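Residue numbers (my numbering): 8 to 112. Notes follow the structure.
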C-alpha cells in the first residue's frame, strides 16, 4: 500500500482559511527588514500566507494582518508595492495552476 504524502496546510492571514501551502501566496519579511512576495516559498525570513484573491489582499491591508503576521509595521507605500506585485503574481498563479473543485481538496 502506498502511503499518501501529507500536504502542508497554512492559514490565510486575511480570511483565516486553512489551505494547502501551494494554493497560497507567501509574503516574507527578510532578515534585511524588506517585505516582498516570495514566489519560491523558500526565502529566509518570517512569512505570512495569503489566498490568491484580491479580496483577501484588500482585507489583509484593511485589518493590518501583515503588520501582525510579520511582526513589523507595514507602511502604506509597502502595501502599494505589494498590491502591484500581488496582482502580477495572482495572474501568474491563476494561469499556472489548474482549478481544483472544492470537494477534491
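Note that beta-carbon positions come from the ideal geometry of N, C-alpha and C, so glycine has one too. In this text the structure is predicted, and so the values were computed from the model without any measurement.
For residue 28 against residue 17, the beta-carbon gap comes to about 5 Å, under 8 Å, which counts as contact.
For residue 97 and residue 19, the gap between their C-alpha atoms comes out near 15 Å.
Going by C-alpha positions, residue 36 is about 24 Å away from residue 14. The shortest C-alpha to C-alpha distance from residue 40 to any of 47, 53, 49 and 84 is the one to 53.
Membership of residue 63 in the alpha helix (DSSP H) is indicated by the continuous run 61-70.
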